[in-house]
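Residues 2 to 311 (my numbering) make up the sequence shown, in order. Below is one structure; the comments refer to it alone.
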Amino acid sequence: MRPKDTAVTVYKFGPKSVFVFSDHAVALKAWAHIRQTAGVPLILFTLDHHTDTHDAFIGYGVRMNGSKWNDDWRKFAKERIARVDIVDPEAIDSAVRDLENDEHICAAIDLNILEAAFVVAFSPYPNGGTSSEESKRVAPPNLITAIINNLNGITIPEEPLPPRPHTYVLPSRRVFYLPNQCFVGCNSQPHTEECRRPHADQAIETVFLDHKLEYCDEMIASLGYRSIFERPYILDIDLDYFQTKAALSPCGPNAFYRLIRGAAAVTIALEPRFVRLVRIDEDLESDFCFDRVKKHCEAALGSCSEIFNL
Ligand SMILES: [Zn+2]
Numbered sequence: 002m003r004p005k006d007t008a009v010t011v012y013k014f015g016p017k018s019v020f021v022f023s024d025h026a027v028a029l030k031a032w033a034h035i036r037q038t039a040g041v042p043l044i045l046f047t048l049d050h051h052t053d054t055h056d057a058f059i060g061y062g063v064r065m066n067g068s069k070w071n072d073d074w075r076k077f078a079k080e081r082i083a084r085v086d087i088v089d090p091e092a093i094d095s096a097v098r099d100l101e102n103d104e105h106i107c108a109a110i111d112l113n114i115l116e117a118a119f120v121v122a123f124s125p126y127p128n129g130g131t132s133s134e135e136s137k138r139v140a141p142p143n144l145i146t147a148i149i150n151n152l153n154g155i156t157i158p159e160e161p162l163p164p165r166p167h168t169y170v171l172p173s174r175r176v177f178y179l180p181n182q183c184f185v186g187c188n189s190q191p192h193t194e195e196c197r198r199p200h201a202d203q204a205i206e207t208v209f210l211d212h213k214l215e216y217c218d219e220m221i222a223s224l225g226y227r228s229i230f231e232r233p234y235i236l237d238i239d240l241d242y243f244q245t246k247a248a249l250s251p252c253g254p255n256a257f258y259r260l261i262r263g264a265a266a267v268t269i270a271l272e273p274r275f276v277r278l279v280r281i282d283e284d285l286e287s288d289f290c291f292d293r294v295k296k297h298c299e300a301a302l303g304s305c306s307e308i309f310n311l
C-alpha cells in the first residue's frame with residue numbers, strides 16, 4: 002500500500018460543489034459522496050490526458066497474489082471490491098489507499114457509484130469507440146484474394162459508412178472512449194507532430210467539446226438515454242488534460258460552461274507531477290491550470306461562496 006493523501010477540498014459555487022484533490026484515485030472518495038447525495042449511480046464525463054481505465058485493484062490483487070501475474074489476482078481484486086461500503090468514509094479512504102493509478106473509474110463502476118463513463122483523453126485509446134455500423138463495414142477479402150488483388154493492382158474501395166448517427170453497444174466495462182484523433186478541422190492525414198499543439202489548444206473549445214458530446218449522445222443511447230444532460234452526471238477534470246496555457250483560455254467556452262452548469266458536481270484532480278510530465282508549454286504548472294479552471298467555474302456558476310474539507 003502506498004501512502005496517499007486522501008484529502009478532498011470542496012468549493013461551493015452557489016449550490017454547486019467542486020471537489021478538488023491531488024491524486025486522481027481520490028476521485029473515488031468524492032464520487033462516493035456525490036453518489037450519496039444523488040441517490041442513484043451517476044454518469045461520468047471525464048477530461049484527462051490518460052484514459053485511467055485499468056481494472057480496479059489490479060495492483061492490490063497482484064500484491065496479494067504474491068506479486069504473481071497469473072489470473073488469480075482477479076480473485077483478490079473481487080474480494081477487495083466486496084469489502085467496500087460506499088457509505089462508510091473509512092472504508093472509502095482505505096479503498097482509495099489500495100487503488101493504484103488509473104483504477105478509480107472501473108472501481109467506481111464496479112461499486113455502482115457510476116453507471117457508465119465517457120472518456121475524452123489525449124493518450125492513445127484502446128479500441129472502445131467503434132460503432133456497430135463501423136464494425137459491420139464489409140470485411141476485406143480473405144488473405145489469398147487480397148494477395149492476388151494486390152499482385153494484379155486491384156484495390157477494392159472500402160464500403161462507405163452510413164451517415165451518422167451511428168449505434169453503439171454498451172461495452173461490458175461500461176466505459177466509452179470518445180474519438181479524439183486530432184483537433185476539429187484538421188485535414189492532415191496522417192496526423193503529425195505539427196498537430197499536437199493546435200489539438201491541445203482546443204481542449205475545452207466549444208467546437209471540440211460539442212464534437213465529443215455528439216458522439217456521447219450516440220453512445221449513451223445504448224443505456225436508453227438521449228443525452229448526458231438528462232441524467233445526473235459528474236464532470237471530472239484531471240489538470241494534465243491541459244498541455245498548453247492557450248488551452249485554458251478558449252475563444253468559445255460555452256460548451257465547457259454548459260457541462261459545468263449541467264453537472265451534479267465537478268471533480269478536479271490537481272496531479273502536479275503529471276501536468277509537468279505531459280505539458281507542451283514548459284512552464285505550465287498545475288497551480289496555473291487550477292486557477293484558470295476555478296475562474297471558468299466562477300464564470301459559469303457565480304463566485305465561490307464557501308470552502309471546506311470532506
Ligand atoms: Zn491533425
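Ideal placement from N, C-alpha and C gives every residue a C-beta, glycine not left out. For clarity, every value in this text was computed on a predicted model and none was experimentally measured.
Residue burial classification, residue i (beta-carbon count within 10 angstroms, cutoff 16)
i    : result
L236 : buried
C252 : exposed
N181 : buried
E206 : buried
P161 : exposed
A147 : exposed
Helix, strand or coil at residue i [DSSP, three-state]
i    : result
N310 : strand
L162 : coil
T268 : strand
C305 : strand
L100 : coil
L115 : strand
E206 : coil
K246 : coil
C187 : coil
P273 : helix
N153 : coil
G225 : coil
H200 : helix
H192 : coil
Paired residues, beta bridge with residue i - DSSP
i    : result
Y178 : V120
T7   : Its beta-bridge partners do not exist; DSSP assigns none.
T47  : V120 and D237
S18  : K13
Beta-carbon separation (whole angstroms), residue i vs residue j, contact threshold 8 Å
i    : j    : result
R98  : T7   : 7 Å
A265 : Y234 : 6 Å
H50  : D103 : Not really, about 11 Å apart at Cβ, beyond 8 Å.
R262 : I44  : With 8 Å as the limit, R262 and I44 do not qualify as a contact, their Cβ atoms being about 16 Å apart.
A28  : I93  : Actually they do not touch by this definition, with Cβ atoms about 11 Å apart.
_To test your reading of the DSSP string, which unbroken beta strand (DSSP E) runs of 3 or more residues are found completely within the region 22-95?_
43-49
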